[in-house]
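Novice: Before I ask anything, here is the structure I am working with.
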Ligand SMILES: CC(C)(COP(=O)(O)OP(=O)(O)OC[C@H]1O[C@@H](n2cnc3c(N)ncnc32)[C@H](O)[C@@H]1OP(=O)(O)O)[C@@H](O)C(=O)NCCC(=O)NCCS
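Numbering (our numbering), first residue to last: 89 to 292.
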């Protein structure tokens with residue numbers, strides 16, 4: 089049994105709390121920037137994320153949906169052991185697949201062979217990560233999104249809820265793909281892409 093500390097006290101932290109329990113690991117408590125909180129979901133709030141060094145016998149996971157906030161916290165916590173949270177219902181190949189430390193894979197996600205998922209990613213509920221996909225660190229594949237075979241998702245990129253990405257597509261770093269979008273061409277520059285087929289969103 090692992091001793092786990094979750095960083096964050098928002099909605100994603102609730103999801104990760106559930107996974108820790110289902111994996112029969114021991115949730116020690118939470119670290120959060122909300123200095124007024126003393127407990128969350130019946131577990132103690134132990135301090136701010138900057139207090140992590142007091143808990144050297146624990147593994148940590150940053151359960152914050154915003155990828156930039158997640159990366160910032162991870163970067164200032166060198167040399168800690170990271171907890172990887174995989175819901176027991178996830179379909180995952182018994183070999184030929186890699187999952188980076190600190191990553192969360194939620195209920196009913198499907199990961200197929202030769203997929204490579206980076207560190208501190210969120211692979212959300214009921215999404216599909218097909219064969220030979222490469223997912224960069226801190227990326228987020230949202231609820232119900234589908235990545236066909238041989239797709240690359242860059243670092244910190246976010247695939248919105250229910251979006252689809254055609255096979256053999258490359259999505260560069262720091263892209264937002266809107267909810268329900270269908271990506272049929274490479275997204276070569278950072279930005280927000282929406283619609284069917286997905287087009288860059290230009291705001292005035
Ligand atoms: C794409 C997205 C990031 C844009 O957010 P935003 O930059 O705040 O943009 P706005 O909400 O101001 O919308 C700008 C325009 O794009 C349209 N738009 C926004 N999202 C859209 C989408 N997913 N599909 C089609 N059109 C969309 C809006 O209707 C608006 O059009 P208008 O100017 O004609 O009124 C956001 O709408 C989105 O889809 N986020 C994904 C959320 C998600 O998947 N969460 C998952 C949690 S697990």
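Here a beta-carbon is modelled for each residue, glycine too, at the ideal position from N, C-alpha and C. Computed from a predicted structure; not experimentally measured.
Is the closest heavy atom of ligand 1 to the C-beta of residue 211 under 7 Å?
Specialist: In the chain shown, the residue the question calls residue 211 occupies position 123. For ligand 1, not one heavy atom lies less than 7 Å from the Cβ of residue 211.
Novice: Candidates 128, 149 and 255: which alpha carbon is nearest residue 208's?
Specialist: In the chain shown, counting from the first residue as 1, residue 208 sits at position 120. The candidate whose alpha carbon is nearest that of residue 208 is 149.
Novice: Report yes if the CB atom of residue 107 is closer than 8 Å to the CB atom of residue 101, and no otherwise.
Specialist: Here residue 107 refers to the residue found at position 19 of the chain shown. Here residue 101 refers to the residue found at position 13 of the chain shown. No. Outside cutoff.
Novice: Is the distance from the Cβ of residue 259 to the Cβ of residue 270 below 8 Å?
Specialist: Here residue 259 refers to the residue found at position 171 of the chain shown. Here residue 270 refers to the residue found at position 182 of the chain shown. Against a cut-off of 8 Å, the Cβ pair of residue 270 and residue 259 comes out as no contact.
Novice: May I ask whether a heavy atom of ligand 3 can be found less than 7 Å away from the beta carbon of residue 268?
Specialist: The model on display carries ligand 1 but not ligand 3.
Novice: Could you tell me if the beta carbon of residue 96 falls within a distance shorter than 7 Å of some heavy atom in ligand 1?
Specialist: Working through the chain shown from its first residue, we reach residue 96 at position 8. No, the Cβ of residue 96 stays beyond 7 Å of every heavy atom of ligand 1.
Novice: Quick check on this structure: which residue in 210, 202 and 266 has the alpha carbon closest to the alpha carbon of residue 236?
Specialist: If you number the chain shown from 1, residue 236 lands on position 148. Nearest C-alpha to residue 236: 202.
Novice: Is residue 110 near ligand 1, in the sense that its beta carbon is under 7 Å from a heavy atom of that ligand?
Specialist: Here residue 110 corresponds to residue number 22 of the chain shown, with the count starting at 1. Residue 110: no, Cβ never under 7 Å from ligand 1.
Novice: Strictly by DSSP, which residues pair up with residue 142?
Specialist: Along the chain shown, one-based indexing puts residue 142 at 54. Residue 142 is not bridged to any residue.
Novice: Within the continuous beta strand (DSSP E) that includes residue 131, where are the two ends?
Specialist: Translated into positions along the chain shown, residue 131 becomes position 43. Element bounds for residue 131: 131-135.
Novice: Check whether the segment 133-150 touches the segment 220-232, counting contact only when three or more Cβ pairs, one atom from each stretch, lie closer than 8 Å.
Specialist: no
Novice: Is it buried or exposed for residue 225, if we count other Cβ within 10 angstroms and need 16 for buried?
Specialist: As a position in the chain shown, residue 225 is number 137, starting the count at 1. With 16 or more Cβ atoms within 10 Å of its Cβ, residue 225 is classed as buried.
Novice: Can the beta-carbon of residue 215 be found closer than 8 Å to that of residue 231?
Specialist: Sequence index remark: in the chain shown, residue 215 carries index 127 (1-based). Sequence index remark: in the chain shown, residue 231 carries index 143 (1-based). Contact: yes.
Novice: For residue 195, which three-state DSSP category applies?
Specialist: Against the chain shown, residue 195 aligns to sequence position 107. Here residue 195 sits in coil by DSSP.
Novice: By the 10 Å Cβ neighbour count, where 16 or more other Cβ atoms means buried, how is residue 119 classified, buried or exposed?
Specialist: Position 31 of the chain shown, counted from the start, is the residue given in the question as residue 119. So residue 119 counts as buried.
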